[in-house]
Structure formats: structure tokens, C-alpha cells
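Peer 1:
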Amino acid sequence: MPDVEISFDLSRIDFRATSDQLMASYWGSARSDEMHHRAFASSFCVGAYIDDKQVGFARAITDYTVFAYLADVIIWPEHRGQGIGKRLVQALIDHPEVKTVSHWSLSTNDAP
């Protein structure tokens with residue numbers, strides 16, 4: 104697997120690339136940029152980077168105490184199948200900000 108950096112710095116998220124990837128997905132095709140701006144701002148977001156270029160994104164909708172819903176877990180097509188999505192999800196679950204969360208949820212039609 105390539106050297107992947109995981110970052111929770113929202114300022115590093117390539118909004119244009121992330122929004123485009125999500126709008127190309129089956130679950131995000133009806134969303135607008137404005138919807139993504141609002142969703143990202145009110146979520147716990149994480150990005151995956153190879154050589155400082157974003158290759159993945161995920162977010163958690165959470166109360167930071169008991170419940171978190173994993174959303175928009177997406178890896179750019181050319182980087183899929185390398186375990187990057189699993190690393191993003193694990194990074195979210197392991198983050199100290201959500202250490203007391205006991206209920207994590209994810210709904211998907213296509214995750215392996």
C-alpha cells in the first residue's frame with residue numbers, strides 16, 4: 104500500500120474534488136456544493152492523502168458522546184482496493200474526540 108497520510112484538518116480538504124466525487128456517487132448525486140459545505144461544517148471530517156494530494160474522505164455525524172453515523176466514506180476511483188477506506192474509518196473510530204462513542208452506524212449498498 105502507498106504511504107497514506109490521514110488528517111483531520113478540515114482546511115486541507117480539497118472541497119472541489121471531494122464534492123465532485125460525492126456527486127458522482129450513487130448516494131450523493133442529488134446534492135449541491137452548498138449542501139456539502141453545510142454537511143462538512145457540521146461533521147467530524149477526515150481526509151486521506153498521498154504525496155499531499157487528497158485521495159479519500161469520510162465524515163462522522165456525531166454527538167461526540169454516545170452515537171456516531173459514518174457518512175460519505177469515499178475513495179477516489181484510482182485508489183480503491185488498497186485499504187484506504189478502512190484506514191479512514193479506523194482513524195475516525197480511534198480519534199480521542201469520540202473515544203466515548205459506543206454506537207457507530209454505517210449504511211451502504213456497496214462496501215466489501
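For the sequence shown, the residue numbers in our numbering are 104 to 215.
Idealized CB from N, CA, C, for every residue including glycine.
From D155 to A161, what does the alpha carbon distance come to, in whole angstroms?
Peer 2: Against the sequence shown, residue 155 aligns to sequence position 52. Against the sequence shown, residue 161 aligns to sequence position 58. When rounded, the distance between both Cα atoms is 17 Å.
Peer 1: Suppose contacts are defined by Cβ-Cβ distances below 8 Å. Is V204 in contact with T165 by that definition?
Peer 2: On the sequence shown, position 101 is the one that residue 204 refers to. On the sequence shown, position 62 is the one that residue 165 refers to. Result yes, Cβ atoms of V204 and T165 sit closer than 8 Å.
Peer 1: Secondary structure at V192, three-state DSSP: helix, strand or coil?
Peer 2: Translated into the one-based positions of the sequence shown, residue 192 becomes position 89. The answer is helix: DSSP assigns V192 an H, G or I state.
Peer 1: Please identify the residue among Y129, S210, V158, H182 whose C-alpha is closest to the C-alpha of A171.
Peer 2: For the purposes of this step, residue 171 is taken as residue 68 along the sequence shown, with counting starting at 1. Of the listed residues, the one whose Cα sits closest to A171 is S210.
Peer 1: So L150 and S110 are in contact, right, with Cβ under 8 Å, and what is the actual spacing, rounded?
Peer 2: The sequence position of residue 150 within the sequence shown is 47, counting from 1. The sequence position of residue 110 within the sequence shown is 7, counting from 1. The sequence as given places Gly at residue 150; Leu does not occur at that position. Confirmed, Cβ separation roughly 5 Å.
Peer 1: To test your reading of the DSSP string, which unbroken alpha helix (DSSP H) runs of 4 or more residues are found completely within the segment 132–160?
Peer 2: Runs of the alpha helix (DSSP H) inside the segment 132–160: 136–144.
Peer 1: Give me whichever residues DSSP pairs with Y172 in a beta bridge.
Peer 2: By one-based count along the sequence shown, residue 172 stands at place 69. Per DSSP, I164, S208.
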